[in-house]
Each structure stands twice: as C-alpha cells, then as structure tokens.
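K.L.:
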Amino acid sequence: MKSDKKSIGANSSAEHVEQHLHELEKADYEILYYSQEQTFSAVELARVINESRLNELLAQSDEFLDGLSGEIEDFDE
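So the sequence shown is numbered by this note's numbering: it starts at 54 and just counts up by one.
1. Taking the straight line between their C-alpha atoms, what separation do you get for Ile84 and Asp115?
2. Whole angstroms are fine: how far does the CA of Gln113 sit from the CA of Ile125?
3. For Asn103, which of helix, strand or coil comes out of DSSP?
4. Assign Ser122 to one of three DSSP states: helix, strand, or coil.
5. Alpha carbon to alpha carbon, what distance is there between Asp119 and Ser65?
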C-alpha cells in the first residue's frame, strides 16, 4: 500500500513538472512573439504620441538629471 502512495506521488510530481515545462515553453514563445521588432511609419507614430506630453516628460527628466548631477558633485566634495 505504501508503494502505491509513492507511485501516485511520483506521477503527480511528474505531471506537475511536465505542466510547468509546458508553461515555460509557452511563456518563451510569447516573449519571442511580442519582442519582435515592429516598424511604424511617421504617420502612425504621430497618431499615438502626444508630442506636448512627451516634451513635458523630457523637460522633467532633464531637470531631474541636472539636479542629480548637482547632488553627486556635492557628495564628492
């Protein structure tokens, strides 16, 4: 009877491993599929990019980097 429990446990573990491997394979395929480079025309990009918001974000990032550079220089002194 104990051997029956062990074989059931082994089958269950093997099934779990097989299921996990299939899930990993599926995830790898999805990553490959979604990571393929897609080309967009200038017209398509202009439709999806909010240029004024992009410029605001770039200005904020420039301010942040300038402030960070100042902090690093002060830290070195």
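Even for Gly, the Cβ is constructed at its ideal location relative to N, Cα and C.
P.N.:
Taking the coordinates as given:
1. A direct Cα-to-Cα measurement between Ile84 and Asp115 gives close to 32 Å.
2. Looking at the two C-alpha atoms, the distance is approximately 18 Å.
3. Under the three-state reduction of DSSP output, Asn103 falls in the coil class, being neither helix nor strand.
4. Reduced to three states, the DSSP call for Ser122 is helix.
5. Approximately 58 Å, taken between the alpha carbons.
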